[in-house]
Amino acid sequence: MNYRLVIHILGKVLLLEAALMIPSLIVSIIYGDGDTLSFFITMVILLILGLLLSLIKSVKTKLFARDGMMIVSLAWVLLAVFGGLPFFIHGAIPSFIDCLFESMSGFTTTGSSILTDVEVLPRGLLFWRSFTHWFGGMGILVFFLALLPSMNGSTQYILKAESPGPSPGKLVPKIKDTSKILYGIYFILTALCILCLILAGMPVYDSVIHALGTAGTGGFGIKNNSIAYYGSPLIYMILSVFMVIFGVNFTVYFQILRRNFSEVKKNSEVKLFLFLIGSATLIIMFNIRGMYGTMWESFYQSFFQVTSIISTTGYSTTDYNKWPALSKTILIALMFTGSCAGSTAGGLKQIRLFIMLKDVKRMVAKMIHPRSIVPIKADGKIIDEVQISGIGTFCFVYFLIMGVSTTLISFDNYDFETSFSAVLTAISNVGPAFGLAGPLGNFSFFSDFSKIILSLCMLIGRLEIFPVLLMFNMNAWKKL
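Residues 1429 to 1908 (the numbering used here) are what the sequence shown spells out, left to right.
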């Protein structure tokens, strides 16, 4: 590993995090809730440490794959650690483990919280929580690449390690330009979401907070009962639509901008994504129709929770813990699937589900005709066998980590529904779970050990396993 280059880039990342706190600092000054000093102290620490690390330079500027993955993993750990400092310094969250949990949940766009009363937090800290969603959703390092000078084209390894999905790619030849395009689309859609919420009657501050959480598919709110506080079906529907929008691969929007509609029409992943949303909404709507006054209310409650869970945003308008078993089972299944690759959402991703279903179909066909050659296609293109094997390995490790993590937090001796769904929501970056950690609950009751395990699951889910596992491989730390 090129230690000097890795340390230099990590220093730059800390400087970037200091810059990212400026909007929150401004909000804290405007509202004067007493959290200004906590941001100022944290920014000074980040600036000093970032400058010291960035002064370490390397003659070799070429990054290899393991360097890229190590940079991403270590950067996200540092971002979460220092991102929790404002909460700790202010005293809003006295335990540093809880601060780390909250910060990791923010940057990984999970949205799980240890706060029992979110409404008592200063507005600057509330803004910081949601702002971490926004940057974490598209990727801090993706934004960094837009500013980073080219390193012999090797920045592709950073993009690959941070981008969700089995095969992230470049929209245009230069990685730097790809990053700018992605963030350009992201910014425009976020601004549109803010505007729509304001027009629907939501206060400006609240609109910005919830748009940031929706864009990053994170789900941190500023009310104890989440979106249900507003009691507006119009706001519910606007957020539902935007949760779907941000759950779609951003490459689709790039193709729309280029008027390449033929590519959009044959996108199998988006078709599967929309089909699951539609079918799950209809089934749940009829399953819960007796719990609400009208079919319209049953529809928008169902549609909101389905889009919130499948996009891994985690907002809620009702306590779905009280829904029938069928509806809860569907929501758990949607936690697994997640949204599209190349979106800001978590989960296994629709493209992996699509390819694995195709692989099962192929295995059945080969049982009938053992000598047949049946290639797997997606969007008219043949999927490489190495990639199919990699997806199978990813899914195996994904479920293995879930099993081990559920066992570890079971030492807290809570019921299986609570423990299992807490791990599932963490590794899928959803937010609320079921049982004690449901939409009206929180994660404060877990032990510090369990919170560390769940924080690690959030990071594993956001970086899609292997960059994080690389940190625990001693060979990856060897100097080249």
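A virtual CB, placed ideally from N, CA and C, is assigned to each residue, including glycine. Since we're looking at a predicted model, the values are computed, not measured.
### Query
Comparing the C-beta of Thr-1745 with each C-beta of chain D, is any distance below 8 Å?
The structure shown contains no chain D, having only a single protein chain.
### Sufficient close CB pairs (3 or more, under 8 Å) joining the segment 1461-1469 to the segment 1549-1565
Cβ pair count under 8 Å is three or more, so yes.
### Task
Just tell me which of Gln-1815, Met-1886 and Val-1434 has its CA closest to the CA of Ile-1804.
Start at 1 with the first residue of the sequence shown, and residue 1804 comes out as number 376. Taking only the C-alpha atoms, the option nearest Ile-1804 is Gln-1815.
### Message
Taking the beta carbon of Asn-1695 as the centre, do at least 16 other beta carbons fall within 10 Å, making it buried, or is it exposed?
### Response
Residue numbering aside, residue 1695 sits at position 267 when the sequence shown is read from its first letter. Around the beta carbon of Asn-1695, 16 or more other beta carbons lie within 10 angstroms, which makes this residue buried.
### Three-state class that DSSP yields for Ile-1810 in the structure shown
The residue labelled residue 1810 in the question sits at position 382 within the sequence shown. Assigned with DSSP and collapsed to three states, Ile-1810 falls in strand.
#### Entry: Lys-1805 - DSSP class collapsed to helix/strand/coil
On the sequence shown, residue 1805 is found 377 positions in, with the first residue counted as 1. Here Lys-1805 sits in strand by DSSP.
### Task
Indicate whether Ile-1783 and Met-1763 have their beta-carbon atoms separated by less than 8 Å.
Here residue 1783 refers to the residue found at position 355 when the sequence shown is read from its first residue. Here residue 1763 refers to the residue found at position 335 when the sequence shown is read from its first residue. Not in contact: Ile-1783 and Met-1763 (Cβ atoms no closer than 8 Å).
### Query
Helix, strand or coil: how does DSSP classify Asp-1634 here?
Position 206 of the sequence shown, counted from the first residue, corresponds to residue 1634. In this structure, Asp-1634 counts as helix in the three-state DSSP scheme.
### Query
Do you know how far the Cα of Ser-1486 is from the Cα of Thr-1538?
For the purposes of this step, residue 1538 is taken as the residue at position 110 of the sequence shown. For the purposes of this step, residue 1486 is taken as the residue at position 58 of the sequence shown. C-alpha separation (whole angstroms): 35 Å.
### Query
How many angstroms separate the CA atom of Arg-1557 from the CA atom of Lys-1906?
Within the sequence shown, numbered from 1, the residue matching residue 1557 stands at position 129. Within the sequence shown, numbered from 1, the residue matching residue 1906 stands at position 478. So the two alpha carbons sit approximately 36 Å from each other.
### Query
Do you know whose CA, among Tyr-1633, Gln-1778 and Met-1665, lies nearest Lys-1651's CA?
If you number the sequence shown from 1, residue 1651 lands on position 223. Looking at Tyr-1633, Gln-1778 and Met-1665, the one whose alpha-carbon comes closest to that of Lys-1651 is Tyr-1633.
### Query
Can you tell me whether DSSP reads Ile-1666 as helix, strand or coil?
The residue labelled residue 1666 in the question sits at position 238 within the sequence shown. Annotated three-state conformation of Ile-1666 is helix, per DSSP.
### Message
Please report the straight-line C-alpha distance between Met-1892 and Ser-1654, rounded to a whole angstrom.
### Response
Within the sequence shown, the letter at position 464 stands for residue 1892. Within the sequence shown, the letter at position 226 stands for residue 1654. Per the sequence shown, the amino acid found at residue 1892 is Glu instead of Met. For Glu-1892 and Ser-1654, the distance between alpha carbons rounds to 28 Å.
### Euclidean distance between Cα positions of Ser-1531 and Ile-1855
The residue you call residue 1531 lines up with position 103 of the sequence shown. The residue you call residue 1855 lines up with position 427 of the sequence shown. In a straight line, the C-alpha of Ser-1531 is about 15 Å away from that of Ile-1855.
### Query
Helix, strand or coil: how does DSSP classify Ala-1639 here?
What you label residue 1639 is simply residue 211 of the sequence shown in a count that begins at 1. The three-state reading of DSSP puts Ala-1639 in helix, counting H, G and I together.
### Query
Under 8 Å, do Ile-1716 and Ser-1660 count as touching if we go by C-beta distance?
Counted from its first residue, the sequence shown places residue 1716 at position 288. Counted from its first residue, the sequence shown places residue 1660 at position 232. Between Ile-1716 and Ser-1660, the CB-CB gap reaches or exceeds 8 Å.
### Task
For the alpha helix (DSSP H) holding Ile-1779, just list the boundary residues, first then last.
Here the question's residue 1779 lines up with position 351 in the sequence shown. Taken as a continuous stretch (DSSP letters only), the alpha helix (DSSP H) holding Ile-1779 covers 1778-1796.
### Query
Taking one C-beta from the segment 1827-1846 and one from the segment 1726-1736 each time, how about it: are there three or more such pairs within less than 8 Å?
Result no; under three Cβ-Cβ pairs closer than 8 Å.
### Query
Taking DSSP as the reference, what is the three-state secondary structure of Asp-1876?
Stepping through the sequence shown from its first residue, residue 1876 is reached at position 448. If DSSP states are grouped into helix, strand and coil, Asp-1876 belongs with the helices.
### Nearest-angstrom Cα separation, counted from Phe-1827 out to Leu-1528
Numbered from its first residue, the sequence shown carries residue 1528 at position 100. Numbered from its first residue, the sequence shown carries residue 1827 at position 399. Cα to Cα, the separation comes out at about 25 Å.
### Task
Let me know if Arg-1686 comes out buried or exposed under the rule of 16 or more other beta-carbons within 10 Å of its beta-carbon.
Within the sequence shown, residue 1686 is the residue found at index 258, counting from 1. It is exposed - the Cβ of Arg-1686 has fewer than 16 other Cβ atoms within 10 Å.
### Query
Which parts of the segment 1676-1746 are runs of the alpha helix (DSSP H), unbroken and 4 residues or longer, counting only runs that do not cross its ends?
Listed in chain order, the alpha helix (DSSP H) elements of length 4 or more contained wholly in the segment 1676-1746 are 1678-1685, 1689-1693, 1696-1715 and 1723-1738.
### Query
How about Gly-1649 and Gly-1565: are their beta carbons less than 8 Å apart?
Along the sequence shown, one-based indexing puts residue 1649 at 221. Along the sequence shown, one-based indexing puts residue 1565 at 137. No. Outside cutoff.
#### Entry: Pro-1451 versus Tyr-1720: straight-line alpha-carbon distance, rounded
Taking the sequence shown and counting its residues from 1, the one referred to as residue 1451 is at position 23. Taking the sequence shown and counting its residues from 1, the one referred to as residue 1720 is at position 292. Across the structure, Pro-1451 and Tyr-1720 are spaced so that their CA atoms are roughly 41 Å apart.
### Query
Arg-1432 to Ala-1708, Cα distance in whole Å?
Within the sequence shown, the letter at position 4 stands for residue 1432. Within the sequence shown, the letter at position 280 stands for residue 1708. So the alpha carbons of these two residues sit roughly 50 Å apart.
### Message
Applying the 10 Å Cβ sphere with the 16-neighbour rule, what's the burial state of Arg-1799?
### Response
Sequence index remark: in the sequence shown, residue 1799 carries index 371 (1-based). Here Arg-1799 is exposed. Its C-beta has fewer than 16 other C-beta atoms within 10 Å.
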